[in-house]
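When the sequence shown is numbered by my numbering, its final residue is 395 and no position is left out of the sequence of numbers. All remarks here apply to the structure that follows.
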Amino acid sequence: MSLQAKILNLLSGITDPTMRIDIASTINYLFSLYCGGHANENEIRDALYEICLDVVGATHPELTEEEVRKKSRTMVEEFMRAFKLESAMRRMFSRFGRRAGLPI
């Protein structure tokens with residue numbers, strides 16, 4: 292699943308458009324920090340965990356606190372996998388795209 296699909300999945304229970312945009316923008320900002328090497332993986336992971344914890348807690352009030360933490364940790368790992376895959380794709384396109392004449 293792509294990064295954007297994961298973001299949409301996280302936001303599925305939020306109806307306020309402003310809040311959806313803020314959360315999506317924050318995750319995309321974290322992704323750009325990750326790609327640029329401006330923050331280490333643990334800092335990104337911690338920030339994603341805070342976001343997921345807040346969103347899951349708000350959208351799933353039926354879950355216990357431990358279930359919210361577990362679901363949040365799982366989502367963070369999924370986001371980190373997506374970050375790694377999409378950043379690898381960007382690196383390859385930037386490295387080889389110029390040679391092939393592809394726009395970057």
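Here a beta-carbon is modelled for each residue, glycine too, at the ideal position from N, C-alpha and C. Fair warning: this is a prediction, and the values are worked out from it, not measured in the lab.
Going by DSSP in three states, residue i sits in which element: helix, strand or coil?
{"i": "M366", "result": "helix"}
{"i": "E377", "result": "helix"}
{"i": "E353", "result": "coil"}
In whole angstroms, what is the alpha-carbon distance linking residue i and residue j?
{"i": "G348", "j": "T317", "result": "18 Å"}
{"i": "N333", "j": "D307", "result": "30 Å"}
{"i": "Q295", "j": "E353", "result": "26 Å"}
{"i": "I314", "j": "L302", "result": "8 Å"}
{"i": "K361", "j": "I342", "result": "14 Å"}
{"i": "S323", "j": "E369", "result": "17 Å"}
{"i": "A338", "j": "L344", "result": "10 Å"}
{"i": "S293", "j": "L376", "result": "9 Å"}
The alpha helix (DSSP H) spanning residue i covers which residue range?
{"i": "A349", "result": "E332 to T350"}
{"i": "G327", "result": "P308 to G327"}
{"i": "I298", "result": "L294 to L302"}
Please classify residue i as buried or exposed, where buried requires at least 16 other C-beta atoms within 10 Å of its C-beta.
{"i": "Y325", "result": "buried"}
{"i": "A282", "result": "As displayed, the chain neither begins before 292 nor continues past 395, which places residue 282 out of reach and without an answer."}
{"i": "I312", "result": "exposed"}
{"i": "M310", "result": "exposed"}
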